[in-house]
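Chains as they are written, first to last, in our numbering: chain H, 44 to 548; chain B, 24 to 929; chain E, 17 to 170.
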Amino acid sequence: MSSRRYVLLGVADDGVFSRLKAEIEGLPNVEVIRGLSIGDFDGVSLAVFPTGVRYSGVPVSEVPTIVKKHLEGDKTVDQRFDGSVLPSTILPSRQKRIVLERVGVIDPESIDEYIESGGYEALKKALNEMSPADVIEEVKASGLRGRGGAGFPTGLKWEFTAKSEGKMRFVIANADESEPGTFKDRVIEEGDPHRLIEGVLIAGYAVGASQGYIFVRGEHSLAIERLKKAIADAKERSFIGENILDTGFSFDIRLVPSAGGYICGEETALIEALEGKRGQPRPKPPYPPQKGLWNQPTLVNNVETLANVPSIIMKGANWYRSFGTESSPGTKVYSVLGNTVHTGLFEAPMGITLRELVFDYGGGLKDGEFRAALVGGAAGGFIADLDTKLDFEGVKEKGGMLGSGAVLVLSDKADAIGVLLSIARFFKRESCGKCVPCRVGTQIITDIMTRVYNGNCTRKDLDVMLDIAYNMKLTSFCPLGQSVHLPVKTALEIFRADFESRCGD
Amino acid sequence: MSSKEMVTIHIDGKEIHAPRGASLLKVARDNGIDIPGLCYYEKVSPTGSCRLCVVKIDGRPGLVPSCMVQVEDGMKVTAFDDEIESVRRGILEMILAEHDDDCINCEKNGSCELQDLAFRYNLGRELRTLPSLLDVVPKIYDDSSPVLIYDSHKCIKCGRCIKACFEIQGKGVLSFAGKGLGEYVVAGIENWADSACDGCGECVQACPTGALVEKPVYGVRVREIDVDRKVVTTCPYCGVGCQLELWIKDDRIVKVRGYDDIPNRGSTCVKGRFGLDFVHSPDRLKYPLIKKDGKFVEVSWEEALDYVASRLSEIRDKYGPDAIAGLSSAKCTNEENFVFQKFMRAVIGTNSVDHCARLCHASTIAGLVRAFGSGAMTNSIEEFLNADVIFITGSNTTETHPVTATYIKRAVLFHNAKLIVADPRRIDLVDYATVWLQQRNGTDVALFNGLMHVIWKEGLMDEEFIRSRTEGFDEFIKVIEKFTPEKTEEITDVPKEKIIEAARLYGSAERASIVYAMGITQHVTGTDNVLSLANMALLTGNVGRESTGVNPLRGQNNVQGACDLGALPNVFPGYQKVTDPNARRKFEEAWGVKLPEEPGLTVVEMMYAATQGKVKAMYFMGENPVISDPNIPHVKEALEVVEFLVVQDIFLTETAQYADVVLPAASFAEKNGTYTNTERRVLWVQKAIDPPGEAKPDWVIVQDVARKMGYDMGYSSVKDIIDEINRLVPIYAGITYERIRNGEKLQWPCPSPEHPGTKYLYKDRFNRPNGLGKFHPVDFIPPAEWPDEEYPFLLSTGRILYHFHTTSMTRRTQALPQYVEGPYMEMHPDDMKKLGIEDGEVVRVVSRRGEIKIKAIASGRVYSGSVFIPFHFAEAAANMLTNDALDPISKIPELKVAAVRIEKIE
Amino acid sequence: MSIDNVLKKFEPLPENLLPILKEVQETRPEGYLTPDDLRKVAKYLHMSYARVYGVASYCSALRVVPKGMHIIQVCDSPACQLMGATTVLEELKSLLGISEGETTPDGLFTLETTSCLGVCGVAPAMVVDEDVWGNLTPDKIRQIIESYREEETR
Ligand SMILES: Nc1nc2c(c(=O)[nH]1)N[C@H]1C(S)=C(S)[C@@H](COP(=O)(O)OP(=O)(O)OC[C@H]3O[C@@H](n4cnc5c(=O)[nH]c(N)nc54)[C@H](O)[C@@H]3O)O[C@H]1N2
Ligand SMILES: Nc1nc2c(c(=O)[nH]1)N[C@H]1C(S)=C(S)[C@@H](COP(=O)(O)OP(=O)(O)OC[C@H]3O[C@@H](n4cnc5c(=O)[nH]c(N)nc54)[C@H](O)[C@@H]3O)O[C@H]1N2
Ligand SMILES: Cc1cc2nc3c(=O)[nH]c(=O)nc-3n(C[C@H](O)[C@H](O)[C@H](O)COP(=O)(O)O)c2cc1C
Ligand code: SF4
Ligand code: SF4
Ligand code: SF4
Ligand code: SF4
Ligand code: SF4
Ligand code: FES
Ligand code: FES
Ligand SMILES: [Mo]
């Protein structure tokens, strides 16, 4: 058995990284990986594998102690052990990593490390060896589908955008990531910002755009910082700008932090926000590839979607298709949350089962038995069948939505009603107000769920709630309002008894 | 416009033909299929927010909002089935849950689209399943606007108001604020008063509920169901000629709505909608007054008419007919103007009849008749929508022709038109302009010549047009030659790059339209200015086609008509020259009297003739020269020296104070007749209420005076007058009473009852004898008075949106003075700093004619060295200062340039 | 930095509205955009007041009314809910003596809830101003609040 050990360092640093590096100098088989989401929010955290013991609030001064005791002596340093043991699945080697390939492996703030590890080769290949149409063909052939939730075939979208008439074309990387339970894009932005940039550049080349935007969630300050630096560095190296790498292709990328609001992640609302308006959805059609930003053809893609592109270009569609399923090729970054032993992000091939995710990656239930999982964030559905295949079709078959790949696991002791209440409040808080069914419906559903939660509802309330949610699904202006029905309906199916036990009648 | 391709669709099995691309909801409704919907408003783009209009369409999943769908051939639609209806009922119930349906105290009760639907879907309170959410909907009750009230608890967030303000009025004052259920409509940052809202009321008219309602500026809160009758008539203020619907209750105007017809299509400005209560002012003249011992006393009509007739006869007999001069009125109807000029010519026997057009577009008539043959707007208001380039100069359109301005703004905002503004002031339209040329006042000829120089040098002129349709090019071009961009910049202060940019824009447009008004006409070079603009259109072939032309915006509601019907000293009705023996013979035969041969006196000339003792009596119908004529001190002197002055008005104006007899006239709301708007369109004015006291329509009064003087015109109704006009005025020959009353809105020339009227002039030939347009070489001549050491500031005068001329009407309204109460002077902040004047400080302004005290306001609209004073306000009348120097050809005074000194008051 | 200096950094283009508003707000010690700020921005961008107010009042990161010195936002989304967000909120309410949406009388804290912060891996979580705190327990919450109070008294 290899005795290779890893130290995973969280997003915070405070000088711990360089100290660690210095301390392990000469120790065999130890590797430091940093910038990883290891669930750290109390100062600097690090986790030591194989055990997965996590330390929190580690000051630089204690680094030597940890190295000495734990790495050389294999003993846990109790004072800083925060009680969490991380799963080995968090280790890059245990996952199938494409978009997270470099996350934690390279220094995200070093363009050199990115380039040394093969970065920007795909861009070079695309620009030098492929026509825009070739690029689109390759992406089409790869079967890549949008990771923003809807799973629309990416190559097709690129083709529509490229073929639309316009004075100018735009590419927007949708990094507004606000779906509850979802933080995969942030981890990419924080851990491997150049990958996203490279994806945007290739997309821009393919669709004939000259301006790119990365619309990033305003709260993600570390991601913003790193993207800012990455863009500046890429400009300096002539990956962004006029006549990129002397190929005649010119493309600029601007970073725009959002000012808050889940709905601003909806592509047309995002475009409105970019134009300096209230981020409320526009009617579709026309779709952004026809008329987007400033009414020009615009490609909007999710961060994870774009992050797949460099690998597809480098290694080819066939390689990409060797992962995942026929209808959903490639990998997916899932998040496992809730009542599992471990929580966090895992990149795995599309189509693993819910069971694998919960038990292999999540380490099983912390307390109690598996009851159901909310798959796809707030806009997803509750699923009780552990054999559900986690790809676009698989989840759909079970009446749910893969969405962003967020999986919230509920044990039989979990308060499903509280979860649905928080979903209702989420939609109420995030409803933009434009259309009646969603503006009013989210409030009514929240009011009813509050009564359910407080145990003073009636059975009629439950019917009204379902009716309203169904009406919203049929008539809401945009997917936000339309998607409320799914969690409500599936919750009522799976947890009917819990709900009824709260009713006074 | 190309006719739309028709498609066939089926709605609930019914076969329907409709133009491709039309809104499915509209098509359905037009065909009697009443799909519900609250956010759809035909005049604006669909919003799709209420979701009530959902239908099923074969081949499309789920429910689709029909307002957002454009019809396509073969579409099969289910508009009504149980499922859809139940979904709709559910949505409607949601709307009611966030609505305060206190219909019992709501102005919309009875005419509310939401109420109607609630009734239709049987959603009485006890039948609803959803509780009220009003406690979580923010309550915003904003009554800070002088004219409207917003109540968020009545607002269904349909967005119609927001879109109406932007897409119809071109303003974009409104927005939603907040989010989710907390969404509501805002105008300013703190409230409505804190916004650029100018009170046009388009948003109120668009609102389907009681969320936006008019303030009771007409004195009472009324619901539509309370109204006794609605009367469609024409606005009495400006020359746009908006069609208004007056809501009448107990013989009072209680509310006004824009009527959906040409030319305004339902829009109005703040004056037309909220400024008609002057009609009911207690100040209205109700009885004839005779000044006895320096005081006015009420007398009977009999006494007043006898007195007027005998004094006028006396003076005519003693001094000759030319000792009497009359001012007719651009506020009065066509028929009244016809009668008045007939009275002056046929009864008094003089051609000395004129009216405010002299101060206004006299130079337009002089210039355009010379260049094209007729002195009117060549094209129509709606044509602006399809122009590629609109060149606006000397017209503050958003304030003075507000509804015309909406077409221009829409052309720019939604039809890709480019706007060039050439104006010394930063008027609102500058915000919509591609290029703004800020010339020094009074340098227009140089500017236009400079533009034409570039057009010519760059070969942008229309040579074929010049060859086949014009004359005089060669002499003309010689003058243009010297106006290089450099030289033009020197004279006008406009950077040469901008001159070139504007010239290229105008010169390369397919359809370019020139729009102008007082900034061009009111100069001693007014006629030259107009000729120069005409040259520009001829040079580029931009006349005689749709959406092109030279378009003087006529100011008063009926100034076009007053001119057309001969209230001018040199022409009979229809611009038939008094010096033309054939014309004279025709009118002599018709009227049975000998008519004077020499042209009469113009406005300013009359005043001088009075002080020189040549004019002894004057008869003013609906004019207020004591405020509106230049050089007021001199006007007052004239009115004091004349032996006899008759003033016929609706109020006891500053001018009426000087009168010997004051005759009470009926206002526009109290009489029938027609106005001709700026685009030569004859519009019906409908009597809505009875005049106050014993006031009478002007034509009745004038006919009565004539009768007392022994001449019976024999009219028993307005129709009789129109019949006579049809007979005597060829351009009006086909605009018959019957056609007008049938709702036809005809544009002259309309030579016969079958003729459809003329949308734009000079399609095939110009109206000059040889049918050609004529270039005129015009060189730059500076204004009569430039600033100098003694009077270092350039004074320009003009108008503001909220007041009309001498404010006889606008100050007698509730709403308008709340926007602007009184006089002020716009002054550049740098100049104020130099002179140590604070913002809002009262200063003394002195010219060679007189002085006034006025509040100075810091303003970025004027350039340093110039000031602007609205001439409306008697207490600081700009015309105390203005120069009455005249344009030698048209006799228009130079109201736009005078030199003044500004003094601090210690 | 005065608002004029912020404006100077941006071209007067409509798309700069959001960045400008965010940056102006950051310069405001009271943490919100005053009516005068909004007017200035509107004038600078040649926009209607309503449009600027409409945007400012729409975005959750922008504020048009004064709030406490520190804004505590407790995550109220499913993962945190499942892991005890209700307890967190209750703890904060009793600690601060205010309800959701209110500001403490000393103006130090405003308590709000928010949608998922994207740190669900450490649910339940909250954010104070810009700092994210995860794995919250009543004890930890007390410490956090204490540290902010101390910082203030220093
Ligand atoms: N609200 C309102 N509307 C009105 C009226 C009213 O009193 N109130 N009156 C009506 C009447 S009768 C008329 S005639 C029209 C007049 O309508 P406008 O002519 O539009 O009104 P003004 O304010 O007189 O001046 C028009 C513009 O001329 C510009 N100007 C000044 N000097 C010069 C110059 O030397 N050259 C050029 N090119 N421009 C110059 C001014 O800056 C101003 O923008 O308005 C009509 N509409
Ligand atoms: N300094 C300066 N002076 C100017 C101008 C300028 O730009 N600057 N502009 C000039 C221009 S363009 C114009 S058009 C003139 C306007 O000058 P005027 O025509 O003198 O101004 P109004 O105030 O419109 O006067 C119309 C009168 O008619 C009355 N009236 C309204 N309706 C009726 C009716 O039905 N019957 C009768 N009998 N009377 C009625 C009103 O009460 C009012 O007293 O001002 C000119 N004076
Ligand atoms: C309410 C709502 C929020 C959304 N938020 C996001 C988001 O944060 N990030 C994202 O990539 N897509 C989001 N989407 C989906 C986008 O509209 C869009 O489909 C996506 O960015 C397309 O990228 P893809 O094709 O790469 O998936 C959201 C959609 C809705 C309806
Ligand atoms: S469904 Fe309607 S109210 Fe809800 S977010 Fe979409 S547009 Fe806004
Ligand atoms: S807006 Fe309509 S429904 Fe509402 S209270 Fe008024 S009349 Fe009734
Ligand atoms: S009154 Fe006119 S300007 Fe004012 S908000 Fe309404 S539509 Fe806009
Ligand atoms: S005020 Fe009237 S028009 Fe405007 S959104 Fe509310 S209900 Fe609609
Ligand atoms: S634009 Fe002119 S005609 Fe129309 S409502 Fe206003 S004042 Fe009357
Ligand atoms: S009328 Fe179609 S959505 Fe409102
Ligand atoms: S649910 Fe609380 S951070 Fe995601
Ligand atoms: Mo006029």
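Glycine included, each C-beta is placed from N, C-alpha and C at the ideal position.
If you're wondering where the values come from, they're calculated on a predicted model, not measured in any experiment.
{"query": "Quick one: which residues of the stretch 69 to 89 of chain E get their C-beta closer than 9 Å to a C-beta of chain B? List them in chain order.", "result": "Y69, G70, V71, A72, S73, Y74, C75, S76, V80"}
{"query": "Between I157/E and V104/E, is the Cβ-Cβ spacing less than 8 Å?", "result": "yes"}
{"query": "Whose C-beta lies closer than 7 Å to the C-beta of S25/B among residues of the same chain, with five residues either side of it excluded?", "result": "In this prediction, S25/B scores a pLDDT of 45, lower than 50, which makes its location untrustworthy; the coordinate-derived value is nonetheless stated afterwards. Answer for S25/B: no residue qualifies."}
{"query": "Cα separation between I276/B and Q841/B?", "result": "20 Å"}
{"query": "Three-state secondary structure (DSSP) at M24/B?", "result": "Only weak support is given to the placement of M24/B: the predicted model assigns it a pLDDT of 40, under 50, and the value that follows is read from those uncertain coordinates. Note: M24/B maps to coil in three-state DSSP."}
{"query": "Hey, out of V658/B, L61/B, D81/B, whose CA is closest to R74/B's CA?", "result": "L61/B"}
{"query": "Tell whether a beta-carbon distance below 8 Å holds between D467/B and A440/B.", "result": "no"}
{"query": "Distance check for A526/B and A682/B, CA to CA, integer angstroms please.", "result": "51 Å"}
{"query": "Which chain H residues sit within Cβ distance under 9 Å of K38/E?", "result": "G261, P300, A302"}
{"query": "Are the C-beta of R482/H and some C-beta of chain B separated by less than 8 Å?", "result": "yes"}
{"query": "With a threshold of 7 Å (Cβ to nearest heavy atom), would N605/B be considered close to ligand 8?", "result": "no"}
{"query": "Beta-carbon distances below 6 Å to any heavy atom of ligand 5 define the shell here; list its residues in chain order, please.", "result": "H122/B, D124/B, D125/B, C126/B, C129/B, K131/B, N132/B, C135/B, L137/B, Q138/B, K177/B, T232/B, G233/B"}
{"query": "Could you tell me the distance, in whole angstroms, from the CA atom of R139/B to the CA atom of G133/B?", "result": "Reading the sequence as shown, one finds Asp at residue 139/B and not Arg. Distance between the alpha carbons of D139/B and G133/B: 8 Å."}
{"query": "Just checking, does the stretch 500 to 515 of chain B make contact with the stretch 568 to 575 of chain B on the three C-beta pairs under 8 Å criterion?", "result": "no"}
{"query": "Any beta carbon of chain B sitting closer than 8 Å to that of S131/E?", "result": "no"}
{"query": "Do you know whose CA, among V869/B, L824/B, M855/B, lies nearest R292/B's CA?", "result": "Looking at the sequence provided, one finds Cys at residue 292/B rather than Arg. C292/B has its Cα closest to that of L824/B, out of V869/B, L824/B, M855/B."}
{"query": "Let me know the beta strand (DSSP E) ranges lying completely inside the stretch 195 to 238 of chain B, each 3 residues or longer, listed in chain order.", "result": "198 to 200, 207 to 209, 235 to 237"}
{"query": "Identify, in the order they occur along the chain, each residue of the same chain with its Cβ nearer than 7 Å to the Cβ of S519/H, setting aside the five sequence neighbours on each side.", "result": "C478, P480, C481, Q525"}
{"query": "Going along the chain, which residues of its own chain have a beta-carbon closer than 7 Å to the beta-carbon of A661/B, five neighbours each way excluded?", "result": "M630, A633, T634"}
{"query": "Exposed or buried, what is G322/H when buried is set at 16 or more other beta-carbons lying within 10 Å of its beta-carbon?", "result": "buried"}
{"query": "Of all residues in the structure, which have a C-beta closer than 5 Å to any heavy atom of ligand 11, taken in chain order?", "result": "C383/B, G578/B"}
{"query": "Buried or exposed: where does I804/B fall if 16 or more other Cβ atoms within 10 Å of its Cβ makes it buried?", "result": "exposed"}
{"query": "What do you reckon, are the CB atoms on V616/B and E358/B nearer than 8 Å?", "result": "no"}
{"query": "For the 8 Å Cβ check, are there 3 or more pairs between the stretch 251 to 270 of chain B and the stretch 692 to 702 of chain B?", "result": "yes"}
{"query": "With a threshold of 8 Å between beta-carbons, can D20/E be considered close to chain H, or not?", "result": "no"}
{"query": "Please classify L339/H: is it buried, with 16 or more other beta-carbons within 10 angstroms of its beta-carbon, or exposed?", "result": "First, the amino acid is wrong: residue 339/H is Gln here, not Leu. Q339/H should be labelled buried."}
{"query": "For P51/E, which residues in chain B fall below 7 Å Cβ to Cβ?", "result": "I212, E213"}
{"query": "My understanding is that V208/B touches Q726/B, with C-beta atoms under 8 Å, so please give their C-beta distance in whole angstroms.", "result": "Going by Cβ atoms, the distance from V208/B to Q726/B rounds to 52 Å, so no, they are not a contact pair."}
{"query": "Shorter than 7 Å, the distance from the beta carbon of V160/B to the closest heavy atom of ligand 6, or not?", "result": "no"}
{"query": "Run through DSSP, which three-state label would E232/H get?", "result": "helix"}
{"query": "Find out if the Cβ-Cβ distance for the pair N558/B, H799/B is shorter than 8 Å.", "result": "yes"}
{"query": "With 16 other CB atoms within 10 Å as the buried threshold, where does Y241/B fall?", "result": "buried"}
{"query": "Thinking C-alpha only, which one of V685/B, G696/B, P779/B is nearest L328/B?", "result": "V685/B"}
{"query": "Of all the CB atoms in chain E, is at least one closer than 8 Å to the CB of E536/H?", "result": "no"}
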